[in-house]
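All remarks here apply to the structure that follows.
Number of protein chains: 2
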Amino acid sequence: MDNFTFYSPTFFVFGKETENQAGEYVKRFGGSRVLVHYGGKSAKSSGLLDRVEMSLDKEGISYVSLGGVKPNPRSGLVYEGIELCKKEKVDFILAVGGGSVIDSAKAIAAGVVYDGDFWDFYSGKLIEEALPLGTVLTIAAAGSEGSPDSVITKEEGMFKRGATGNAIRPKFSILNPALTQSLPPHQTAAGITDIMAHLYERYLTNTKEVEVTDRLIEALLLTMRHEGPRVIADPNNYEARANIMWAGMMAHNNAVGVGRSQDWTSHDIEHELSALYDCAHGAGLAVTMPAVFTYVMKHDIMRFAKAAVRVWGCEMDFDHPEVTAREGIEALRNFLISIGMPRNFKELGAREEDIPKLVEVLCRGNGRNGTLNGFVTLNEDDCTKIYRMMV
Amino acid sequence: MDNFTFYSPTFFVFGKETENQAGEYVKRFGGSRVLVHYGGKSAKSSGLLDRVEMSLDKEGISYVSLGGVKPNPRSGLVYEGIELCKKEKVDFILAVGGGSVIDSAKAIAAGVVYDGDFWDFYSGKLIEEALPLGTVLTIAAAGSEGSPDSVITKEEGMFKRGATGNAIRPKFSILNPALTQSLPPHQTAAGITDIMAHLYERYLTNTKEVEVTDRLIEALLLTMRHEGPRVIADPNNYEARANIMWAGMMAHNNAVGVGRSQDWTSHDIEHELSALYDCAHGAGLAVTMPAVFTYVMKHDIMRFAKAAVRVWGCEMDFDHPEVTAREGIEALRNFLISIGMPRNFKELGAREEDIPKLVEVLCRGNGRNGTLNGFVTLNEDDCTKIYRMMV
């Protein structure tokens, strides 16, 4: 196991009706003037925003609101949020929504206390200071409620890039599984896929002897395998929603990913798809992962065979472990299709003729030097082949 | 899943030679005048204490030292530590040792800022305020490095009782698996048993539909099953030590135990043994757990069958699930014996004739009302039968 540090100081409040405690927790963590950041109409029409604002009123906390965060959140709204916070002397940001809203809130939190352009953080600069923020989560997917990460798309060039730093870990995150019951099936399935991708990106490691994190990752994948179809079949199944919600947090706060190299090339390769086509990140990952895994499988057949046996219940073929490895990848692909995810470029809404452009931005955009460094180092030729496998 | 809150703000520093960063982390978390709390000779003779003190010197942090913490730490030394901290105006406590040292440090930390008798906290009062503390861990076992818990034995009456509160979660914990390589096999095995007990106490729940935490607990038990024998066979196996050390933390910071009722009757029943005979807590648990589990098995046969199949690799007997359930308990017992743990009262050094006294203190001591409330409610008659099964 490699040396590491791990720090996850977020206070999690989990369960039914917990959104009514938002004001109480803002107060506990020192907020007195709040930016309520949210997405579209559903937060308003469902009454969620009202309940959250009522809980702020109850504590005598004043606030301004900024809605309009879209999936694959954009830099434009971040700049707007930063200006608004400065003008209104905001001291706490409350994100009410999913990963996109939380990521946008994190970018604003970092940008408000930074003299330069917030995009510096999305070009590699570590976030060391930020306004405190809290979240009220409405979709189990990104894991941003417990992570130090944020992904934003820059409108000029449509670069989709990530930033990180313990300073943007939420002070508290309110997780009410019931809030996710009204999600459309496609969004629910995309969230499930995103969670599974966070697990696979950690599973694909070049570090040896990491049984504890291997087992923990497998445990969360097994949970998704069990609960995913249950929640697709019955969107109102609170228990299945609850298990998925905690699994989603655990998949990405990195407790199960410490001390080992991680992959993240599937995320990189997908990000260009959701940046260009504005598809759901999870839907893009459903098409990307099986292609990437099939392409890199030979790098460590036994690791893929282990996932096949332990997660997907495949029988180990001891004479031909590559057969088992491939079966595991096919089981993942079939699982994702079974919950309603797309299987190829066509179903995703992507176009074969865009591949050269996708590869160019992926491998050369925003300062990259032509390669992706993960489980296997991939160059432009590799990435072209992987995108072609997805057609 | 039940509603819950989860908060684990400890900063973990994991890996080789990390004890040399102790001073740096004390400084980062605001310490300027430190109590270095430790156990016996090994911390001194191994040079660990020197290295830790050198790292404090390097940061210009002054300190006083208090050694002498024994396994099953006593209230006497806690009172002494509280007085010393007050006299020396200590503002940070650094525990260098295992669970006993950390638990003693936590008791001192809570006691220093409390006007009453610190034992109030061990009689049910929640710890809401404490001096900040950090740890340098030397044994993977108690999980106290990442938990809000502490167990102390009161010398008058030999009551062994626990206290809890987020205020005593360590600010940082330094985990260097290499420091555990010099542990005698018995202590290593007792630590492994303690970790597995923390997992079983959480596994035995009456909450339904908790797949995510079931799977996470099973993952950590599988890790112990794999790594335990490896580290007993080769005490210098750093990788096995590292996997066990992270599993030990994860087993007890409660990330895998949230949203479900828990048991803890095996701990209660064992505590009287280590209080009376001063045996290793883990050794007592090795004798206690199989007896308790066999006694309560009928309360939920399928839960024990699940552990048997998923953790111990037993074949499910679909016609007679109770056979599978029993096989899993026997597999646990045999595993613990195989790593060198005692199998009964005699091997533990306990005496059958003490059973009435053990039951009396267990069920009536320190304000208890005659029953233990866990997975199954146990009265004095039940506890007598369980102790008799251990003879």
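Protein sequences, first through last, are from chains A and B.
The first sequence begins at 817 in the numbering used here and counts up by one.
The second sequence begins at 817 in the numbering used here and counts up by one.
All C-beta atoms in this analysis are idealised placements derived from N, C-alpha and C, irrespective of residue type, glycine included.
Predicted model only: the values in this text are computed from it and were never measured.
| Query | Result |
| --- | --- |
| Exposure of aspartate 931 of chain B, with buried meaning 16 or more beta-carbon neighbours within 10 Å | exposed |
| Terminal residues of the beta strand (DSSP E) in which lysine 902 of chain B lies | Not the beta strand (DSSP E): lysine 902 of chain B falls in the alpha helix (DSSP H), residues 891-904. |
| Within-8 Å CB hit, alanine 1147 of chain A to chain B | no |
| Whether leucine 1208 of chain A touches methionine 1066 of chain A by CB criterion (8 Å) | Nothing can be reported for residue 1208 of chain A, as the shown portion of chain A is limited to 817 through 1207. |
| Length at least 4, wholly inside the region 1104-1192 of chain B: the alpha helix (DSSP H) runs in chain order | 1117-1126, 1137-1154, 1161-1164, 1171-1180 |
| Buried or exposed (CB count within 10 angstroms, at least 16 for buried), arginine 1208 of chain B | What is shown of chain B runs 817 to 1207, which leaves residue 1208 of chain B out entirely. |
| Contact under 8 Å by Cβ, valine 1103 of chain B with leucine 1164 of chain B | yes |
| Nearest-angstrom Cα separation, counted from threonine 1004 of chain B out to phenylalanine 1161 of chain B | 20 Å |
| Proximal residues to valine 829 of chain A (C-beta, below 8 Å), its chain only, five neighbours per side dropped | Gln837, Tyr841, Phe988, Ser989, Ile990, Leu991 |
| Chain-order list of residues whose beta-carbon lies under 6 Å from that of glutamate 1043 of chain B (same chain, five-residue window excluded) | Ala1056, Asn1059, Ile1060 |
| CA-to-CA distance, valine 1125 of chain B to isoleucine 1117 of chain B, given in whole angstroms | 12 Å |
| Top-ranked residue by Cα proximity to serine 1077 of chain B, from B:Gly1100, B:Glu1025, B:Asn1052 | B:Glu1025 |
| Reference valine 880 of chain B, options B:Ser966, B:Ala1107, B:Lys905, closest by Cα | B:Lys905 |
| Three-state secondary structure assigned by DSSP to histidine 853 of chain B | strand |
| Closest residue to arginine 1159 of chain B among B:Thr1200, B:Gly981, B:Ala1107 (Cα-Cα distance) | B:Ala1107 |
| First and last residue of the uninterrupted beta strand (DSSP E) at serine 878 of chain A | 878-882 |
| Close beta carbons around glycine 1181 of chain A, own chain, < 6 Å, minus the five adjacent residues each side | Phe975 |
| Residue range of the unbroken beta strand (DSSP E) whose run includes threonine 980 of chain B | 975-980 |
| Beta-carbon contacts of glutamate 1196 of chain A that lie in its chain and below 7 Å, excluding the five residues immediately before and after | Val1175, Cys1179, Gly1186 |
| Nearest-angstrom Cβ-Cβ length linking aspartate 1079 of chain A and phenylalanine 934 of chain A, presumed shorter than 8 Å | The Cβ separation is near 27 Å, so there is no contact. |
| Other residues of its chain near aspartate 873 of chain A: CB distance less than 8 Å, five sequence neighbours each side excluded | Gly839 |
| Alpha-carbon to alpha-carbon, alanine 1166 of chain A and proline 1001 of chain A | 21 Å |
| Neighbouring residues, chain A, relative to proline 825 of chain B (Cβ below 7 Å) | Pro825 |
| DSSP-derived helix/strand/coil call for tyrosine 823 of chain A | strand |
| Residue-level contact to chain B via CB, threonine 996 of chain A, 8 Å cutoff | no |
| Glycine 855 of chain B versus methionine 1012 of chain B: straight-line alpha-carbon distance, rounded | 24 Å |
| Glycine 831 of chain A: contacting residues in chain B (beta-carbon distance under 8 Å) | Met817, Asp818, Asn819, Phe820, Gly1075 |
| Isoleucine 918 of chain A versus glutamate 1017 of chain A - alpha carbon distance | 21 Å |
| Contacts around valine 1072 of chain B, its chain only, beta-carbon distance under 6 Å, and the 5 residues preceding and following it disregarded | Thr1029, Leu1032, Ile1033 |
| Residue range of the unbroken alpha helix (DSSP H) whose run includes alanine 777 of chain B | As shown, chain B starts at 817 and ends at 1207. That puts residue 777 of chain B outside it, with no answer to give. |
| Interface residues of chain A facing histidine 1209 of chain B [CB-CB closer than 7 Å] | Any property of residue 1209 of chain B remains undetermined from this structure, which presents chain B solely from 817 to 1207. |
| As assigned by DSSP and simplified to three states, the class of threonine 1029 of chain B | helix |
| CB-CB length for glycine 915 of chain B against alanine 957 of chain B, believed under 8 Å | 5 Å |
| Coarse secondary structure for aspartate 866 of chain A, derived from DSSP in three states | helix |
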